[in-house]
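Heads up: the structure comes next, in structure tokens.
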Amino acid sequence: MKKTPKAMILGTGRATPERVLTNADLEKIVDTTDEWIRERTGIERRFIAADHETNSQFAARAAQRALQSANISAEQIDIIVQGTVTGDVGFPANACYVQELIGATNAAAFDISAACSGFIYGLALADGFIASGKARYVLVIGCELLSRITDWKDRATCVLFGDGAGACVIGPSEGERGLIDTFIKSDGRLTELLCMKGRGTSIPLEVALAERKVFLAMQGREVFKYAVTAMGDASAHILEKNGMTSDDIDLFIPHQANLRIITATAKRLNVSMDKVYVNVQDYGNTSAASIPIAIDEAIEKKRLQSGNRCLMVAFGGGFTWGSALVQL
Ligand SMILES: CC(C)(COP(=O)(O)OP(=O)(O)OC[C@H]1O[C@@H](n2cnc3c(N)ncnc32)[C@H](O)[C@@H]1OP(=O)(O)O)[C@@H](O)C(=O)NCCC(=O)NCCS
Numbered sequence: 001m002k003k004t005p006k007a008m009i010l011g012t013g014r015a016t017p018e019r020v021l022t023n024a025d026l027e028k029i030v031d032t033t034d035e036w037i038r039e040r041t042g043i044e045r046r047f048i049a050a051d052h053e054t055n056s057q058f059a060a061r062a063a064q065r066a067l068q069s070a071n072i073s074a075e076q077i078d079i080i081v082q083g084t085v086t087g088d089v090g091f092p093a094n095a096c097y098v099q100e101l102i103g104a105t106n107a108a109a110f111d112i113s114a115a116c117s118g119f120i121y122g123l124a125l126a127d128g129f130i131a132s133g134k135a136r137y138v139l140v141i142g143c144e145l146l147s148r149i150t151d152w153k154d155r156a157t158c159v160l161f162g163d164g165a166g167a168c169v170i171g172p173s174e175g176e177r178g179l180i181d182t183f184i185k186s187d188g189r190l191t192e193l194l195c196m197k198g199r200g201t202s203i204p205l206e207v208a209l210a211e212r213k214v215f216l217a218m219q220g221r222e223v224f225k226y227a228v229t230a231m232g233d234a235s236a237h238i239l240e241k242n243g244m245t246s247d248d249i250d251l252f253i254p255h256q257a258n259l260r261i262i263t264a265t266a267k268r269l270n271v272s273m274d275k276v277y278v279n280v281q282d283y284g285n286t287s288a289a290s291i292p293i294a295i296d297e298a299i300e301k302k303r304l305q306s307g308n309r310c311l312m313v314a315f316g317g318g319f320t321w322g323s324a325l326v327q328l
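Read in my numbering, the sequence shown has 179 at position 179, and its numbers run on one by one without any break.
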């Protein structure tokens, strides 16, 4: 019988704009304070792309770094899957632009629209493609330029988000190390709580512009409650399914939306904060990019080393959520 190959993370990379927007800078744009933002979110600064920079440029830069660290050439990639809701254009897929920029001439490229869960959804797909033998190397990218869909007049949302990219090369594992499991879920009854209504086809563009519906809109308090419950449940589910407890995990990487969501989720799971990776203070919420950026940083800082077990969990618009267990 054909042995099912196990997928593993072979290389990681990240890329961010140069421009940093601090809380003090935001005080000059909207009626807010550094103290309010830190207390409610833990965020201190975020990267914001310059007008001439594009999503695909950052995604390609992160992808090239991941390819380099995996020691894989762009031509060896079979699939490029990008989690994003802020692609360069309405269509085609942003992953196609990335394909062109990195020269991955043998790949099939497409996007996943799962908001902040896009990277975990991509990992789940990569795992399936590799396990079924339909692909050998999959490039999973999370990249967002949320600054382009942020309402810079709305203090309740504009302080939360940032721009950035993270990427992982996923390929077959030789041994026991690799992706242990993935879990994804959504609840389409809750689309209204976090969405951008006016850039699709249901509202005429001129109406959307007049009603300022062309920006990300969110009911913060509701999102907060669901995020903590869903991320806690997705983590507990994947641990239990694989006969593990939080004691078996070396590092917990939750989606970096808000420090209060992260600490509440860790508390729910009974995980001490020294096992939790936090970088939301430096990036804000970068949506689909937050987890691959964190993995790349954690490896660089040696918080994640070969053989370590890592639990990642995400939550986003849809609502969508999911978790992944990996042994590095
Ligand atoms: C957005 C969030 C930080 C707001 O915190 P909160 O404690 O729920 O605050 P509220 O929205 O209830 O607002 C409380 C007050 O602060 C005010 N406020 C909102 N944003 C503010 C800002 N940037 N600066 C100062 N005051 C602000 C509100 O106007 C409100 O004032 P009021 O009491 O006079 O009406 C919080 O709800 C949150 O983190 N939600 C999850 C968001 C998220 O992570 N989304 C992405 C998930 S993937």
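Here a beta-carbon is modelled for each residue, glycine too, at the ideal position from N, C-alpha and C.
Quick one: Cα of Val313 to Cα of Met231, how far? 6 Å
Closer than 7 Å: is that where the CB of Cys116 sits relative to any heavy atom of ligand 2? Only ligand 1 can be found as ligands here, which leaves ligand 2 out of the picture.
Residue interval of the beta strand (DSSP E) (run including Lys185): 178-186
Thr12 to Gln327, Cα distance in whole Å? 14 Å
Residues near Arg303 by beta carbon distance below 7 Å, same chain, minus five either side: Leu251, Tyr277
From Leu139, Asp51, Thr265, Phe58, pick the residue whose C-alpha is nearest to that of Lys225; which is it? Thr265
What's the gap between the Cα of Met1 and the Cα of Thr182? Residue placement at Met1 is flagged as unreliable, the pLDDT there being 47, under the threshold of 50; the coordinate-derived value follows with that caveat. Approximately 24 Å, taken between the alpha carbons.
Whose CA, out of Thr105, Ile238, Arg189, lies closest to the CA of Gly318? Arg189
Using DSSP with H/G/I as helix, E/B as strand and the rest coil, what is Met273? helix
In the DSSP assignment, find the unbroken alpha helix (DSSP H) run with Gly38 in it and report its ends. Per the sequence presented here, residue 38 reads as Arg, with Gly not at that position. Unbroken alpha helix (DSSP H) run through Arg38: 34-41.
Could you tell me the alpha carbon to alpha carbon distance between Asn106 and Ile291, rounded to whole angstroms? 27 Å
Where does Phe319 fall in DSSP's three states? coil
Specify, as a first and last residue, the run of the beta strand (DSSP E) that Ile170 falls within. 163-172
Round the Cβ separation of Cys168 and Asn55 to the nearest angstrom and send it over; I've been treating them as touching at under 8 Å. Going by Cβ atoms, the distance from Cys168 to Asn55 rounds to 17 Å, so no, they are not a contact pair.
Beta carbon of Thr22 nearer than 8 Å to that of Arg155: no
List in chain order: all unbroken alpha helix (DSSP H) runs of 4+ residues lying wholly within the stretch 243-288. 259-269, 280-283
Alpha carbons only, please: which of Tyr97, Phe91, Gln82 is nearest the one belonging to Tyr121? Gln82
Local conformation of Leu10 per DSSP, three classes: strand
Reduced DSSP secondary structure (H/G/I, E/B, other) of Leu328: coil
Return the CA-CA distance between Ile295 and Ile253, expressed in angstroms with no decimal places. 8 Å
I want to check one thing, is the minimum distance from the CB of Thr201 to the heavy atoms of ligand 1 below 7 Å? no
Is any heavy atom in ligand 1 found nearer than 7 Å to the beta carbon of Met8? no
Roughly how far, in whole angstroms, is the beta-carbon of Ser147 from the beta-carbon of Asp127, given that I think they are within contact range, below 8 Å? Incorrect: roughly 31 Å between the Cβ atoms, too far for contact.
Looking at the structure shown, is Arg309 part of a helix, part of a strand, or coil, going by DSSP? strand
If you compare alpha carbons, which of Arg260, Gly307, Gln99, Leu269 is closest to Gly175? Gly307
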